[in-house]
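Written below as structure tokens is the structure these notes are about.
2 protein chains.
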Amino acid sequence: MTQLYLIRHGIAVERNNLIKDEDRPLTDIGTQKTAKVAERLKAIKIKFDIILSSPLIRARQTANILQNAGLTDELQDFNPLFPGGNIQLWLDWWLNSQYHHDQSIIALVGHQPDLGNWAETLIWGSSNSRLMVKKAGIIALDLPTSTNPISNCELFLLTSPKFFVP
Amino acid sequence: MTQLYLIRHGIAVERNNLIKDEDRPLTDIGTQKTAKVAERLKAIKIKFDIILSSPLIRARQTANILQNAGLTDELQDFNPLFPGGNIQLWLDWWLNSQYHHDQSIIALVGHQPDLGNWAETLIWGSSNSRLMVKKAGIIALDLPTSTNPISNCELFLLTSPKFFVP
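Chains A and B, in that order, are what the protein sequence lines are.
Residues in the first sequence are numbered consecutively from 1, following the numbering used here.
Residues in the second sequence are numbered consecutively from 1, following the numbering used here.
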């Protein structure tokens with residue numbers, strides 16, 4: 001199994017007319033909560049072989065916080081994590097990457113509802129918007145490496161910061 | 001929405017020839033880990049209007065730990081939580097109970113694979129054994145009160161003690 005962590009960006013400044021949506025940064029509270037989530041992941045001794053991030057500022061800042069906490073040595077922007085991105089593009093990347101093996105641990109930092117929809121597709125083959133993940137929340141799955149992952153993955157974690165950070 | 005917490009019993013002594021399966025008690029480690037999960041739920045200020053428990057010893061001991069932590073004033077044995085029990089019996093109970101309203105919080109203490117299967121049925125309408133919940137782990141759902149809950153519930157928490165207890 002490959003472990004896949006889908007991490008939603010932290011709390012960002014609200015949409016407004018002064019800034020493009022993709023440039024909205026994390027708020028101070030969003031930065032702090034995200035850092036606490038990162039610390040907890042570190043305490044559990046999780047280390048990602050790679051973090052792929054949506055290029056939007058609020059996602060990229062979230063990914064930077066995870067990297068700065070020591071959770072990965074490898075961070076890359078990944079365009080299919082833009083809002084509305086297609087999971088098949090990620091699957092194609094994974095299947096042809098050095099991370100397609102049974103010991104790898106991958107994190108994706110992105111947006112709702114996409115992360116929940118991707119997870120549902122991996123677990124049940126289609127998405128119904130039934131997975132709730134708050135900002136800086138986490139969904140984590142086991143992905144089989146010897147069969148088609150779509151509808152064959154298992155969910156082992158879904159949490160908001162409220163339940164994850166003491 | 002009614003909030004439904006499905007809580008798996010803690011670690012019990014292994015099956016052996018000296019004791020009936022239904023009488024197996026929690027181990028010391030199982031008791032300790034379950035108590036820590038209970039403490040965390042308490043710290044998050046969760047209070048269950050009622051806990052329904054499988055009558056098996058390992059489940060009932062788990063439920064007792066939750067009650068002793070102050071998580072509920074009402075604990076009852078509930079036979080459909082026996083291994084292999086039918087979710088429809090629980091739904092019939094809920095729909096006709098005083099707990100079928102938008103502010104209620106209910107906990108069920110039981111067994112795998114039943115708890116995961118019940119959750120999948122509530123979320124997606126059928127079960128595929130895709131939800132992994134370890135001993136003393138938690139699955140939590142929002143249940144609509146104005147429509148058929150089957151395939152209409154939302155998942156907001158799935159965690160093992162490892163991710164929940166710091």
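By construction, the Cβ of each residue, glycine as well, lies at the ideal position given by its N, Cα and C atoms.
Just so it is clear, the structure is predicted and the values come from calculations on it, not from any experiment.
> In whole angstroms, what separates the C-alpha of B/Gln98 from that of B/Leu158?
Replying inline: 26 Å
> If you measure beta-carbon to beta-carbon, which residues of the region 42 to 63 of chain B are closer than 8 Å to chain A?
Replying inline: Ala43, Ile44
>> Distance cutoff 8 Å, beta carbons only. Does B/Thr34 sit that close to anything in chain A?
In response: no
> Got a sec: is the Cβ-Cβ distance from B/Ile105 to anything in chain A below 8 Å?
Replying inline: no
> Whole beta strand (DSSP E) runs in the region 16 to 53 of chain A with 3 or more residues, listed along the chain?
Replying inline: 50 to 53
>> Taking 8 Å as the threshold (C-beta atoms), are B/Leu41 and B/Leu115 in contact?
In response: no
>> Rounded to the nearest angstrom, what separates B/Ile51 and B/Phe164 at their Cα positions?
In response: 20 Å
> Taking 8 Å as the CB-CB limit, is B/Lys162 close to chain A?
Replying inline: yes
> Does the beta carbon of B/Tyr22 come closer than 8 Å to any beta carbon on chain A?
Replying inline: Sequence check: residue 22 of chain B is Glu here, not Tyr. Judged by the 8 Å Cβ criterion, B/Glu22 is not in contact with chain A.
> Does A/Leu158 come within less than 8 Å of chain B when only Cβ atoms are used?
Replying inline: yes
> Looking at C-beta atoms only, is the number of pairs between the region 28 to 40 of chain A and the region 87 to 97 of chain A that lie closer than 8 Å three or more?
Replying inline: no
> What are the boundary residues of the alpha helix (DSSP H) that includes B/Ala119?
Replying inline: 114 to 124
> Can you tell me the Cα-Cα spacing of B/Arg130 and A/Ala119, whole angstroms?
Replying inline: 11 Å
> Nearest CA to the CA of B/Leu176: which residue from B/Thr62, B/Phe48, B/Leu18, B/Gly30?
Replying inline: For chain B, the structure presents residues 1 to 166; residue 176 of chain B sits outside this window and is missing.
> If the cut is a Cβ gap below 7 Å, which residues of chain A does B/Ile123 touch?
Replying inline: Arg130
> Is there at least one Cβ from chain B nearer than 8 Å to A/Leu167's Cβ?
Replying inline: The structure shown has nothing for residue 167 of chain A, since chain A only spans 1 to 166.
> Between the C-alpha atoms of A/Ile123 and A/Ile150, what's the straight-line distance to the nearest angstrom?
Replying inline: 7 Å
>> Quick check: is the beta carbon of A/Glu154 nearer than 8 Å to any beta carbon in chain B?
In response: yes
> Between the region 22 to 29 of chain A and the region 51 to 68 of chain A, do at least 3 Cβ pairs fall closer than 8 Å?
Replying inline: yes
> Between the Cα of B/Ala69 and the Cα atoms of B/Thr31, B/Asp102, B/Gly85, which residue gives the shortest distance?
Replying inline: B/Thr31
> Does the distance from the C-beta atom of B/Leu71 to that of B/Ile46 stay below 8 Å?
Replying inline: yes
>> My output table needs one value for A/Thr147: the three-state DSSP class, helix, strand or coil.
In response: coil
> When you compare only the Cα positions, how much space is there between A/Gly228 and A/Pro166?
Replying inline: In the structure displayed, chain A extends from 1 to 166; residue 228 of chain A sits before or after that span and is not available.
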